[in-house]
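Asker:
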Amino acid sequence: MTNKTLSVSAINNGTVIDHIPSGYALRIIHLFRFLHDKNKITVGLNLPSKRLGLKDLIKIENRMLTDLEASEIAIFAPEATINIVNDFEVIKKIETKLPTNIANIFHCLNTKCITHKEQTESVFYVKEQGKQVKLICHYCEKSFERDQIKRSARY
Ligand code: CTP
Ligand code: ZN
Numbered sequence: 042m043t044n045k046t047l048s049v050s051a052i053n054n055g056t057v058i059d060h061i062p063s064g065y066a067l068r069i070i071h072l073f074r075f076l077h078d079k080n081k082i083t084v085g086l087n088l089p090s091k092r093l094g095l096k097d098l099i100k101i102e103n104r105m106l107t108d109l110e111a112s113e114i115a116i117f118a119p120e121a122t123i124n125i126v127n128d129f130e131v132i133k134k135i136e137t138k139l140p141t142n143i144a145n146i147f148h149c150l151n152t153k154c155i156t157h158k159e160q161t162e163s164v165f166y167v168k169e170q171g172k173q174v175k176l177i178c179h180y181c182e183k184s185f186e187r188d189q190i191k192r193s194a195r196y
């Protein structure tokens with residue numbers, strides 16, 4: 042790390058999700074329920090970034106993201122870098138890669154979808170179309186933009 046002053050303090054132990062497109066950090070915190078475990082979280086919004094112009098950043102103390110969670114975050118922040126920090130050192134960088142599917146986080150926006158009637162798990166296929174990421178419901182095959190979908194209260 043350079044000795045320039047950090048906009049958001051360094052953390053001792055946990056995960057830093059860096060290079061989030063500006064505007065997505067709060068949504069990611071909400072969608073992935075990062076507030077639920079009462080971990081200390083610091084957030085930087087609209088920070089200058091050479092790569093992205095402006096970026097958001099999330100630092101979660103004492104929480105290690107799994108490779109699966111990292112891939113789910115890639116749906117919203119394809120250029121994010123996920124850094125695992127231990128004893129103030131970055132010990133692992135997870136390159137975000139889109140998952141082929143995502144289960145049990147979002148509910149289908151099609152009110153006629155079978156997933157609303159039965160307590161089935163939700164499954165969406167993830168498809169990249171240029172800069173867009175689409176989610177296609179396994180059950181009703183309807184396609185949704187990533188910005189449309191909402192967290193399900195069920196999971
Ligand atoms: N970081 C932190 N606390 C630490 C170590 C690192 O909050 N104890 C943060 C840094 O502020 C940075 C991210 O974790 O946002 C990655 O750290 P590092 O790999 O040192 O920075 P860069 O080399 O700039 O990373 P990249 O190449 O991903 O831009
Ligand atoms: Zn559906």
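Just so you know, we're using our numbering here: the sequence shown kicks off at 42 and counts up by one.
Where is the CB? At the ideal position from N, CA and C, for every residue including glycine.
Bear in mind the structure is a predicted one, so any value in this text is a computation, not a measurement.
Taking its Cβ as the centre, do 16 or more other Cβ atoms sit within 10 Å of Ala194, making it buried, or is it exposed?
Answerer: Ala194 is exposed by the Cβ-count criterion.
Asker: Say yes only if the C-beta of Asn53 is nearer than 6 Å to one or more non-hydrogen atoms of ligand 2, and no if none qualify.
Answerer: no
Asker: Short check: CB of Asn80 to CB of Ile101, under 7 Å?
Answerer: yes
Asker: Any chance the CB of Tyr166 is under 6 Å from a heavy atom of ligand 2?
Answerer: no
Asker: What does DSSP give as the partner residues of Asn127 in its beta bridges?
Answerer: Answer is Glu130, bridged to Asn127.
Asker: Looking at ligand 2, does it come within less than 6 Å of Asn151, judged from the CB to the closest heavy atom?
Answerer: Yes, ligand 2 has a heavy atom inside 6 Å of this Cβ.
Asker: Identify the continuous alpha helix (DSSP H) that holds Ser39 and give its terminal residues.
Answerer: Because the chain is modelled from 42 through 196, residue 39 falls outside the range shown and cannot be assessed.
Asker: Please name the residue in Lys183, Ile61, Ser50 whose C-alpha comes closest to that of Ala199.
Answerer: Missing from the structure shown is residue 199; the chain here goes from 42 to 196 and no further.
Asker: Do you know whose CA, among Gly55, Lys138, Ser184, Ala51, lies nearest Asn127's CA?
Answerer: When only C-alpha atoms are compared, the closest one is Gly55.
Asker: Identify, in the order they occur along the chain, each residue of the same chain with its Cβ nearer than 8 Å to the Cβ of Phe75, setting aside the five sequence neighbours on each side.
Answerer: Ile69, Ile82, Ile99, Ile101, Arg104
Asker: Let's test the definition: count the other Cβ atoms within 10 Å of the Cβ of Ile142 and tell me whether it reaches 16, buried, or not, exposed.
Answerer: Residue identity differs from the one stated: residue 142 is Asn in this sequence, not Ile. Counting C-beta atoms within 10 angstroms of its own C-beta, Asn142 has fewer than 16 neighbours from the protein chains shown and is therefore classed as exposed.
Asker: Using beta-carbon positions only, say whether Phe185 and Leu150 come within less than 7 Å of one another.
Answerer: yes
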